[in-house]
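I have placed the structure first, in the form of structure tokens, so that the comments after it can refer back to it.
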Amino acid sequence: MGFFSFMPEAGQEYRIEVRKPNGQYVKYPIPKVKKEGFTVTVDNLSNKDNVRVIVRHNKPLNPSAEMSIFVHTRGAVGYAAKATLAKKTVLFNIPRANLNDGITHITVFDENNLPTAERLVYIQRNREIELQIASDKNAYKPREKVELEITAKDSEGNPVMGNFSLAATDAKQVLDKEPNALSIRSCFLLASDVKGAIEQPSYYFDKTNPNAAAQLDILLMTQGWRRFNWSEVLKDSLAPAPFYVEQGISFSGKVARMNKKQPGKVKLTYLLVQKDSTRSVLMGETAETGEFLVYDLDVRDTTTVLVQAVTERGNRNLSIMLNPFQPAKVSITKIPFNPIEFDPNELAEYLKRTEEYLRIERQIRASREQLLNEVVVKAKRPDPIKDDSRRAMYGEPSNTVKFDNMNTAGAMSIFDVIQGRVPGVQITGSGMNRSIQIRGAANFSGAVEPLFLLDGMAVSKDAIVSIPPSDVEAVDILKGANAAIYGSQGGGGVVAI
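If you're matching positions, the sequence shown starts at 1 in our numbering and goes up one per residue.
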């Protein structure tokens with residue numbers, strides 16, 4: 001690698017001819033020469049405290065016009081300054097102490113704040129971390145516990161705080177690393193921060209190589225840096241987000257009639273039951289097509305969501321279909337195939353060691369096997385009433401009346417079956433004029449009728465009277481604290497059918 005300089009003339013065309021090892025010449029055209037502009041020269045080697053930047057221009061001298069320089073490392077601003085165009089040459093001394101380790105981007109802007117010249121340099125402040133590892137013993141038995149003491153200090157001997165990782169590996173099972181292969185430092189601070197590919201990136205960090213720093217400086221003259229476009233940044237505009245910003249859990253679906261026809265707008269009730277039995281209710285409706293969307297649900301841990309749909313006419317015989325989860329599409333970059341070359345003798349030795357290691361592991365597992373005695377698994381018989389999802393809102397009721405052929409025989413309404421079977425529940429009247437009162441449910445105006453629920457939805461008493469007892473599975477009675485979950489509506493108790 002190397003570099004050279006020359007003085008171009010406006011109106012002339014230039015190209016570079018490169019001779020390959022096979023003797024063939026390749027021509028590369030140089031961009032068209034402008035009549036006016038800026039050049040930037042960076043000295044990153046001669047001064048250990050500062051990076052010297054020399055900016056030259058051939059524009060007319062103008063003390064009122066200003067150029068500017070902007071220096072950052074991975075977006076962290078380390079230096080910014082302005083200078084007038086009163087002189088043809090301007091010198092900037094950038095303190096290294098203000099810059100982070102890694103590739104630093106130097107950009108020169110003209111008097112119209114347009115980027116006109118740029119240069120990449122590598123900042124290495126030699127802030128090395130010295131790691132010391134000390135063991136409690138010089139030698140250990142097989143599978144013996146090993147205790148290590150790790151100390152991290154900076155170049156001045158002061159303790160260093162940070163996040164560290166440690167891996168213990170059998171040295172005999174690790175092949176020798178290729179010289180100047182990719183390392184943590186060369187990957188994060190060099191190779192991943194430029195556009196082109198770098199061969200043997202660790203070569204530029206070899207302290208024993210006196211030419212490493214100079215050759216790294218030449219390397220960065222040929223590399224591009226394009227994490228963002230200056231023209232877009234100067235517009236002060238944000239690019240549209242490629243994905244919707246999710247602030248919670250979202251799901252969607254569609255409600256349809258059993259014959260697959262659209263039901264129009266449908267009212268929806270969402271019951272959210274969290275892992276700690278905390279419940280919350282949300283209301284919503286679908287579009288005319290039956291589609292619905294619930295987004296940004298703020299839930300903790302596992303949460304069960306029950307969805308109930310009811311048309312404007314009270315029809316619940318509907319089908320609710322949830323849309324499948326569609327993960328974001330990810331574009332996969334195909335890695336070019338590079339054939340791996342290896343020494344057959346080394347591979348045979350590796351397979352031999354691996355086979356021996358697996359044999360030892362099998363012996364260890366066999367010696368640890370134990371024969372267990374008889375194992376008895378106990379479980380409770382499921383309760384069809386307590387486990388009913390329709391009771392998820394209130395849990396266990398105060399009383400339950402099961403409806404069967406015995407107690408519904410001859411009954412004209414649900415009240416006929418309940419009467420006399422639940423303590424504290426009084427039913428008066430006859431026919432459609434039946435009334436029910438739960439003992440202890442009253443206010444200053446007198447007796448209060450309970451709240452009637454049909455499959456969890458509030459309905460009127462007239463709707464309850466018209467239901468044939470043979471269509472009912474059970475009736476739950478909620479009194480006192482059990483009915484408090486329904487607030488003032490449950491002040492007279494709750495009758496859930």
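Idealized CB from N, CA, C, for every residue including glycine. These numbers come from a predicted model, not from an experiment.
- The Cβ-Cβ distance between Leu297 and Gly248 falls below 8 Å.
- For the segment 306-385, the full-length alpha helix (DSSP H) segments reaching 4 residues or more read 344-367 along the chain.
- Rounded to the nearest whole angstrom, the C-alpha separation of Thr278 and Leu306 is 14 Å.
- Distances from the alpha-carbon of Phe243 to those of Ala256, Pro210, Ala328 put Ala328 closest.
- Comparing C-alpha distances from Asn138 to each of Thr269, Glu147, Ala213 shows the shortest one belongs to Glu147.
- Of the candidates Leu166, Pro95, Thr400, the residue whose Cα lies closest to the Cα of Ala81 is Pro95.
- In this structure, the alpha-carbon of Ala152 lies about 54 Å from that of Leu322.
- At the C-beta level, Val422 and Leu453 stay beyond 8 Å of one another.
- Within the segment 392-478, the complete beta strand (DSSP E) runs of at least 3 residues fall at 399-402, 425-428, 435-438, 451-454, 457-459, 474-478.
- Cα atoms of Lys402 and Asn259: separation of roughly 33 Å, rounded to the nearest angstrom.
- When His105, Arg119, Ala168 are compared, the shortest CA-CA separation from Ile133 is found for Ala168.
- Judged by DSSP in its simplified three-state form, Phe243 adopts coil rather than helix or strand.
- When beta bridges are read from the DSSP output, Lys20 appears opposite no residue.
- Straight-line spacing of the CA atoms in His57 and Thr107 works out to 14 Å.
- Take the alpha-carbon of Leu358 and the one of Lys172: they are about 15 Å apart.
- A distance below 8 Å between beta-carbons, with the five flanking residues on each side excluded, links Asp154 to the following residues of its chain, in chain order: Arg127, Glu128, Ile129, Glu130, Val160.
- Only buried fits Val71, as 16 or more other CB atoms lie within 10 angstroms of its CB.
- Under the criterion of beta carbons closer than 8 Å, Ile414 and Pro450 do not qualify as touching, at roughly 13 Å.
- Secondary structure note for Ser135: its beta strand (DSSP E) is the uninterrupted segment 130-135.
- By the CB criterion at 8 Å, Gly492 and Ile427 fall outside the cutoff.
- Your pair Val90 and Val55 checks out as a contact, with CB atoms roughly 5 Å apart and the cut at 8 Å.
- DSSP, read as helix, strand or coil, puts Arg52 in strand.
- In the structure shown, Asp301 falls within a coil segment according to DSSP collapsed to helix, strand and coil.
- Taking all protein chains shown into account, Asn482 has 16 or more neighbouring C-beta atoms within 10 Å of its C-beta and is therefore buried.
- Contact between Ile320 and Leu189 does not hold, since the beta-carbon distance rounds to 54 Å and is not under 8 Å.
- Under the DSSP assignment, Phe188 falls in the alpha helix (DSSP H) whose first and last residues are 184-189.
- Between Asn399 and the set Lys461, Leu478, Arg300, the nearest pair of CA atoms involves Leu478.
- The C-alpha of Ser389 is placed about 56 Å away from the C-alpha of Asn229.
- Ile94 has Val51 as its beta-bridge partners, per DSSP.
- For Val40, the secondary structure class from DSSP, reduced to helix, strand or coil, is strand.
- If you look at Ile218, you'll find it isn't in any beta strand (DSSP E); it sits in the alpha helix (DSSP H) that goes 212-221.
- One Cα belongs to Glu291, the other to Leu318, and the distance between them is close to 13 Å.
- If you check the CB distance, Thr311 and Val281 do not come in under 8 Å.
- Gly157 and Lys48 have their alpha carbons spaced roughly 21 Å apart.
- Ranked by how close their Cα comes to the Cα of Gln124, the residues Phe109, Ile150, Tyr204, Ser331 have Tyr204 in first place.
- Just measuring C-alpha positions, the residue of Asn180, Ile218, Thr303 sitting nearest Ala392 is Thr303.
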